[in-house]
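Each residue of the sequence shown is one higher than the one before, counting from -13 in the working numbering.
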Amino acid sequence: MQASRFEYRFRFALHALIYLLGFLSPWLLFGNVLNMEPRSTWLVLSSAITRLGWLTFPGAVLALIGLALVLTGAAALLRVWGAAYVGSGVVRSASMHGEALLADGPYRHTRNPLYLGTMLHTIGISLLMPPSGAILAVVLLIVLNIRLALAEEPFLRERFGEAYVQYCSKVPRFLPTPSPQVPSAGQRPHWGQAVLGELYFVGAFLTLAIFGWDFNASPLRRDLLICLGLAIVVRAFLPPAPATDEAAIAP
-13 MQASRFEYRF RFALHALIYL LGFLSPWLLF GNVLNMEPRS TWLVLSSAIT RLGWLTFPGA
47 VLALIGLALV LTGAAALLRV WGAAYVGSGV VRSASMHGEA LLADGPYRHT RNPLYLGTML
107 HTIGISLLMP PSGAILAVVL LIVLNIRLAL AEEPFLRERF GEAYVQYCSK VPRFLPTPSP
167 QVPSAGQRPH WGQAVLGELY FVGAFLTLAI FGWDFNASPL RRDLLICLGL AIVVRAFLPP
227 APATDEAAIA P
(Lines of atoms letter the chains of each structure in order from A and count residues from 1; the text may use other names and numbers.)
(Lines give C-alpha, C1' and ligand atoms only; values in the text may rest on other atoms or scores of the structure.)
Protein backbone atom coordinates (compact mmCIF):
# COMPACT_ATOMS: atom_id res chain seq x y z
CA MET A 1 0.00 0.00 0.00
CA GLN A 2 2.95 2.35 0.54
CA ALA A 3 4.20 4.65 -2.23
CA SER A 4 7.01 3.58 -4.52
CA ARG A 5 10.32 5.38 -4.93
CA PHE A 6 8.98 6.99 -8.12
CA GLU A 7 5.78 8.20 -6.44
CA TYR A 8 7.68 9.78 -3.58
CA ARG A 9 10.31 11.48 -5.71
CA PHE A 10 7.75 12.89 -8.13
CA ARG A 11 4.90 13.42 -5.68
CA PHE A 12 4.42 17.10 -6.55
CA ALA A 13 4.21 16.33 -10.27
CA LEU A 14 1.66 13.59 -9.53
CA HIS A 15 -0.40 16.01 -7.44
CA ALA A 16 -0.34 18.56 -10.27
CA LEU A 17 -1.35 15.93 -12.84
CA ILE A 18 -4.29 14.75 -10.74
CA TYR A 19 -5.50 18.31 -10.16
CA LEU A 20 -5.16 19.02 -13.88
CA LEU A 21 -7.26 15.97 -14.74
CA GLY A 22 -9.84 16.98 -12.15
CA PHE A 23 -10.25 20.51 -13.43
CA LEU A 24 -10.04 19.78 -17.15
CA SER A 25 -11.95 16.46 -17.07
CA PRO A 26 -10.94 15.84 -20.70
CA TRP A 27 -13.37 12.95 -21.05
CA LEU A 28 -16.16 15.55 -21.04
CA LEU A 29 -15.06 16.52 -24.55
CA PHE A 30 -16.98 13.41 -25.57
CA GLY A 31 -19.82 14.15 -23.18
CA ASN A 32 -22.37 14.98 -25.84
CA VAL A 33 -22.83 11.27 -26.38
CA LEU A 34 -23.64 10.76 -22.70
CA ASN A 35 -25.41 14.11 -22.25
CA MET A 36 -22.75 15.23 -19.77
CA GLU A 37 -22.13 18.94 -19.13
CA PRO A 38 -18.97 20.51 -17.65
CA ARG A 39 -20.83 22.14 -14.76
CA SER A 40 -19.04 22.68 -11.48
CA THR A 41 -19.69 20.38 -8.55
CA TRP A 42 -20.62 23.55 -6.65
CA LEU A 43 -23.58 24.14 -8.99
CA VAL A 44 -24.59 20.49 -9.16
CA LEU A 45 -24.61 20.04 -5.38
CA SER A 46 -26.43 23.34 -4.84
CA SER A 47 -29.15 22.22 -7.24
CA ALA A 48 -29.40 18.81 -5.57
CA ILE A 49 -29.69 20.34 -2.08
CA THR A 50 -32.42 22.66 -3.35
CA ARG A 51 -34.38 19.80 -4.94
CA LEU A 52 -34.22 17.89 -1.66
CA GLY A 53 -35.77 20.88 0.08
CA TRP A 54 -32.94 21.26 2.59
CA LEU A 55 -32.04 24.84 1.59
CA THR A 56 -32.95 27.44 -0.97
CA PHE A 57 -30.59 27.61 -3.93
CA PRO A 58 -28.83 30.78 -2.68
CA GLY A 59 -28.59 29.20 0.77
CA ALA A 60 -27.07 26.03 -0.67
CA VAL A 61 -24.53 28.02 -2.67
CA LEU A 62 -23.53 29.94 0.45
CA ALA A 63 -23.32 26.79 2.56
CA LEU A 64 -21.02 25.10 0.06
CA ILE A 65 -18.66 28.05 -0.30
CA GLY A 66 -18.61 28.19 3.50
CA LEU A 67 -17.65 24.51 3.59
CA ALA A 68 -14.93 25.10 1.01
CA LEU A 69 -13.56 27.96 3.11
CA VAL A 70 -13.47 25.81 6.24
CA LEU A 71 -11.65 23.01 4.41
CA THR A 72 -9.13 25.19 2.56
CA GLY A 73 -8.59 27.31 5.67
CA ALA A 74 -7.88 24.24 7.79
CA ALA A 75 -5.61 22.94 5.03
CA ALA A 76 -3.61 26.18 4.88
CA LEU A 77 -3.29 26.22 8.68
CA LEU A 78 -2.05 22.63 8.82
CA ARG A 79 0.37 23.09 5.94
CA VAL A 80 1.91 26.30 7.28
CA TRP A 81 1.97 25.04 10.87
CA GLY A 82 3.64 21.79 9.84
CA ALA A 83 6.13 23.45 7.49
CA ALA A 84 7.12 25.90 10.24
CA TYR A 85 8.56 22.95 12.16
CA VAL A 86 9.72 20.54 9.48
CA GLY A 87 11.12 23.26 7.18
CA SER A 88 9.96 24.26 3.71
CA GLY A 89 13.10 22.76 2.19
CA VAL A 90 12.26 19.35 3.62
CA VAL A 91 8.66 19.68 2.41
CA ARG A 92 9.91 20.23 -1.15
CA SER A 93 12.69 17.65 -1.06
CA ALA A 94 12.52 14.57 -3.26
CA SER A 95 14.21 12.59 -0.48
CA MET A 96 13.04 11.55 2.97
CA HIS A 97 14.60 13.34 5.92
CA GLY A 98 15.06 12.17 9.48
CA GLU A 99 17.34 14.70 11.14
CA ALA A 100 15.10 14.77 14.21
CA LEU A 101 11.92 13.10 15.43
CA LEU A 102 9.35 15.88 15.27
CA ALA A 103 7.17 16.20 18.35
CA ASP A 104 6.19 19.87 18.19
CA GLY A 105 3.40 21.96 16.74
CA PRO A 106 0.83 19.92 14.80
CA TYR A 107 2.99 16.81 15.12
CA ARG A 108 1.81 16.54 18.71
CA HIS A 109 -1.75 16.06 17.39
CA THR A 110 -1.30 14.16 14.11
CA ARG A 111 1.68 12.43 12.52
CA ASN A 112 0.93 13.75 9.04
CA PRO A 113 -0.38 17.34 9.14
CA LEU A 114 0.99 18.13 5.69
CA TYR A 115 -0.70 15.19 3.98
CA LEU A 116 -3.90 15.79 5.94
CA GLY A 117 -3.85 19.43 4.84
CA THR A 118 -3.47 18.40 1.21
CA MET A 119 -6.44 16.04 1.45
CA LEU A 120 -8.66 18.70 3.04
CA HIS A 121 -7.58 21.22 0.41
CA THR A 122 -8.44 18.80 -2.37
CA ILE A 123 -11.95 18.25 -1.05
CA GLY A 124 -12.42 22.01 -0.70
CA ILE A 125 -11.38 23.00 -4.21
CA SER A 126 -13.09 19.98 -5.79
CA LEU A 127 -16.29 22.05 -5.68
CA LEU A 128 -14.84 24.04 -8.58
CA MET A 129 -14.30 20.92 -10.71
CA PRO A 130 -16.87 19.06 -12.80
CA PRO A 131 -18.45 16.30 -10.67
CA SER A 132 -16.65 13.42 -12.38
CA GLY A 133 -13.33 15.27 -12.15
CA ALA A 134 -13.97 16.07 -8.49
CA ILE A 135 -14.59 12.43 -7.62
CA LEU A 136 -11.47 11.33 -9.50
CA ALA A 137 -9.25 13.99 -7.92
CA VAL A 138 -10.47 13.44 -4.36
CA VAL A 139 -10.14 9.65 -4.54
CA LEU A 140 -6.72 9.66 -6.23
CA LEU A 141 -5.26 12.38 -4.00
CA ILE A 142 -6.45 10.73 -0.80
CA VAL A 143 -5.04 7.37 -1.90
CA LEU A 144 -1.74 8.97 -2.97
CA ASN A 145 -1.29 10.86 0.30
CA ILE A 146 -2.05 7.77 2.37
CA ARG A 147 0.52 5.84 0.33
CA LEU A 148 3.10 8.60 0.83
CA ALA A 149 2.53 8.62 4.59
CA LEU A 150 2.86 4.84 4.75
CA ALA A 151 6.12 4.99 2.77
CA GLU A 152 7.69 7.30 5.35
CA GLU A 153 6.89 5.15 8.36
CA PRO A 154 9.44 2.31 7.79
CA PHE A 155 12.14 4.90 7.12
CA LEU A 156 11.39 6.78 10.35
CA ARG A 157 11.03 3.55 12.33
CA GLU A 158 14.47 2.44 11.18
CA ARG A 159 15.94 5.87 11.88
CA PHE A 160 14.51 6.44 15.37
CA GLY A 161 13.64 2.93 16.56
CA GLU A 162 11.60 2.55 19.73
CA ALA A 163 11.16 6.31 20.13
CA TYR A 164 9.20 6.43 16.87
CA VAL A 165 7.20 3.33 17.78
CA GLN A 166 6.16 4.99 21.04
CA TYR A 167 5.32 8.18 19.18
CA CYS A 168 3.09 6.26 16.74
CA SER A 169 1.31 4.56 19.64
CA LYS A 170 0.29 7.95 21.05
CA VAL A 171 -0.26 10.20 18.02
CA PRO A 172 -2.77 9.18 15.30
CA ARG A 173 -1.67 8.88 11.70
CA PHE A 174 -4.16 11.41 10.31
CA LEU A 175 -7.17 12.34 12.44
CA PRO A 176 -5.86 15.05 14.80
CA THR A 177 -6.53 14.93 18.52
CA PRO A 178 -7.95 17.99 20.31
CA SER A 179 -5.08 18.05 22.81
CA PRO A 180 -1.35 17.30 22.41
CA GLN A 181 -0.49 13.63 22.88
CA VAL A 182 3.26 13.99 23.49
CA PRO A 183 5.40 16.58 25.32
CA SER A 184 6.95 19.35 23.26
CA ALA A 185 10.53 18.77 22.16
CA GLY A 186 11.18 22.51 22.32
CA GLN A 187 11.76 23.12 18.62
CA ARG A 188 11.11 26.69 17.46
CA PRO A 189 8.87 27.31 14.44
CA HIS A 190 10.04 29.37 11.47
CA TRP A 191 6.87 31.06 10.26
CA GLY A 192 8.27 33.23 7.46
CA GLN A 193 9.68 30.41 5.36
CA ALA A 194 6.61 28.30 6.14
CA VAL A 195 4.19 30.88 4.75
CA LEU A 196 6.34 31.41 1.66
CA GLY A 197 6.75 27.68 1.12
CA GLU A 198 3.01 27.06 1.44
CA LEU A 199 1.98 30.19 -0.46
CA TYR A 200 -0.28 28.23 -2.82
CA PHE A 201 -2.44 26.88 0.01
CA VAL A 202 -2.64 30.28 1.70
CA GLY A 203 -3.44 31.95 -1.62
CA ALA A 204 -6.13 29.40 -2.46
CA PHE A 205 -7.90 30.06 0.84
CA LEU A 206 -7.67 33.84 0.39
CA THR A 207 -8.93 33.54 -3.19
CA LEU A 208 -12.06 31.70 -2.06
CA ALA A 209 -12.54 34.05 0.90
CA ILE A 210 -12.29 37.21 -1.22
CA PHE A 211 -13.72 36.20 -4.59
CA GLY A 212 -15.85 33.16 -3.76
CA TRP A 213 -18.85 35.35 -3.01
CA ASP A 214 -19.20 36.15 -6.72
CA PHE A 215 -20.50 32.58 -7.06
CA ASN A 216 -18.65 31.97 -10.32
CA ALA A 217 -16.37 28.95 -10.49
CA SER A 218 -14.61 29.88 -13.75
CA PRO A 219 -12.62 32.93 -12.51
CA LEU A 220 -11.84 31.09 -9.28
CA ARG A 221 -10.15 28.34 -11.29
CA ARG A 222 -8.05 30.98 -13.04
CA ASP A 223 -7.15 32.61 -9.73
CA LEU A 224 -6.04 29.25 -8.29
CA LEU A 225 -3.75 28.82 -11.29
CA ILE A 226 -2.27 32.26 -10.60
CA CYS A 227 -1.69 31.26 -6.96
CA LEU A 228 0.09 28.13 -8.12
CA GLY A 229 2.30 30.07 -10.52
CA LEU A 230 3.30 32.58 -7.85
CA ALA A 231 4.00 29.78 -5.37
CA ILE A 232 6.28 27.99 -7.84
CA VAL A 233 8.27 31.19 -8.44
CA VAL A 234 8.62 31.92 -4.71
CA ARG A 235 9.62 28.34 -3.90
CA ALA A 236 12.45 28.55 -6.43
CA PHE A 237 14.15 31.15 -4.22
CA LEU A 238 13.74 29.32 -0.92
CA PRO A 239 16.76 27.45 0.50
CA PRO A 240 16.85 23.69 -0.14
CA ALA A 241 16.78 21.01 2.51
CA PRO A 242 20.08 19.69 3.86
CA ALA A 243 21.55 16.77 1.94
CA THR A 244 20.38 13.31 2.94
CA ASP A 245 21.04 9.70 2.04
CA GLU A 246 19.81 9.33 -1.53
CA ALA A 247 19.33 5.61 -1.02
CA ALA A 248 16.59 6.30 1.51
CA ILE A 249 14.14 8.09 -0.77
CA ALA A 250 11.47 5.42 -0.60
CA PRO A 251 11.11 1.66 -0.86
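Idealized CB from N, CA, C, for every residue including glycine.
Which of the three DSSP states, helix, strand or coil, is assigned to residue i?
i, result
"Q167", "coil"
"G68", "helix"
"S11", "coil"
"L41", "coil"
"Q152", "helix"
"G172", "coil"
"V19", "A caution first: V19 carries a pLDDT of 46, below 50, which makes its placement in the model too unreliable to give a value."
"Q(-12)", "coil"
"R159", "coil"
"F(-4)", "coil"
"N131", "helix"
"T104", "helix"
"F201", "coil"
"S118", "helix"
"S26", "coil"
"P228", "coil"
"D90", "coil"
"T297", "Within the shown structure, residues of the chain are numbered from -13 to 237, placing residue 297 beyond reach of any answer."
"F223", "coil"
"G75", "helix"
"A80", "coil"
"E85", "coil"
"H1", "helix"
"R208", "helix"
"T96", "coil"
"E184", "coil"
Looking only at its chain, what residues have a beta carbon closer than 6 Å to the beta carbon of residue i, apart from the 5 residues adjacent to it on each side?
i, result
"V47", "S32, F201"
"Y186", "C213, L214, A217"
"V151", "none"
"Q179", "S74"
"P162", "H95, T96"
"L114", "S26, A203, L206, R207"
"G198", "I51"
"I128", "M105"
Ordered along the chain, which non-local residues of its own chain (more than five positions away) have a Cβ less than 8 Å from that of residue i?
i, result
"E(-7)", "L0, L130, R133, L134, A137, A236"
"W177", "V66, A70"
"R78", "F(-2), G183, R221, L224, P226, A227"
"L57", "L106, H107, I109, G110"
"A120", "G8, T27, S112, L113"
If I measure Cβ to Cβ from residue i and keep anything under 7 Å in the same chain, skipping five residues before and after, which residues do I get?
i, result
"P175", "A70, Y71, G91"
"P166", "R94, H95"
"S(-13)", "Here residue -13 is Met; the residue named in the question, Ser, does not match the sequence. Result list for M(-13): R133, L136, in chain order."
"P145", "In the sequence as displayed, the identity of residue 145 is Arg instead of Pro. Around R145: G84."
"F160", "T96, N98, L102"
"A195", "L55"
Kindly confirm or deny that the stretch 67 to 75 and the stretch 91 to 108 touch, where touching means at least three C-beta pairs closer than 8 Å. yes
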